[in-house]
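Trainee:
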Amino acid sequence: MVLRSRARPRTYALGPRIAAGGMGEVYQAFSADLNRTVAVKRMLEAATSEEDLKLMFLREVAVAATLEHHNVVEVLDAGQHRQELFLVMELVDGPSLAEVVEVLKRDNKILPIEVSCHIVSSVCQGLAHAHERALPDGTPL
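FYI, our numbering numbers position 130 of the sequence shown as 159, with every residue one higher than the one before it.
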């Protein structure tokens with residue numbers, strides 16, 4: 030499937046689905062316009078018909094677009110294709126923390142304390158940045 034952004038004439042060729050939730054799915058995609066692989070979060074068609082969920086998704090887009098920090102995924106684009114809302118983000122390559130923990134459990138190992146501290150510190154820095162930001166109308170995130 031190809032998604033086109035109305036705000037900017039960019040095209041995204043969807044690849045494999047890499048995550049799914051109650052409101053949307055995340056796909057690996059390629060943007061020839063940006064010449065890079067990206068992540069595209071698509072709002073599920075069933076969720077698009079519910080105005081509350083649509084507003085939640087649009088708020089997520091607005092909030093994410095205000096965050097510029099090395100520990101927060103960068104928002105590159107957002108748009109609508111037919112009735113489907115989508116958000117284009119930087120693709121973080123590699124395993125998720127949940128996948129790492131699962132492998133460690135399977136191998137009866139634990140995450141080294143230095144690595145654990147680094148992860149927690151990085152998450153806290155990203156959260157602190159979000160707490161310092163506000164939407165364009167002044168509403169705190």
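C-beta: ideal position from N, C-alpha, C; glycine also.
1) Helix or strand or just coil, what does DSSP make of LYS138?
2) What does THR77 pair with, by DSSP beta-bridge criteria?
3) For SER150, which three-state DSSP category applies?
4) Cα-Cα, which of VAL67, VAL92, ARG39, VAL55 is closest to ASP166?
5) For LEU133, which residues in the same chain have their Cβ closer than 7 Å to its Cβ, ignoring the five residues on either side in sequence?
Mentor: So, from the listed chains and residues:
1) It is coil, neither helix nor strand.
2) Among the bridge pairs identified by DSSP, THR77 is matched with none.
3) If DSSP states are grouped into helix, strand and coil, SER150 belongs with the helices.
4) Answer by Cα proximity: VAL92.
5) The residues are ILE139, LEU140.
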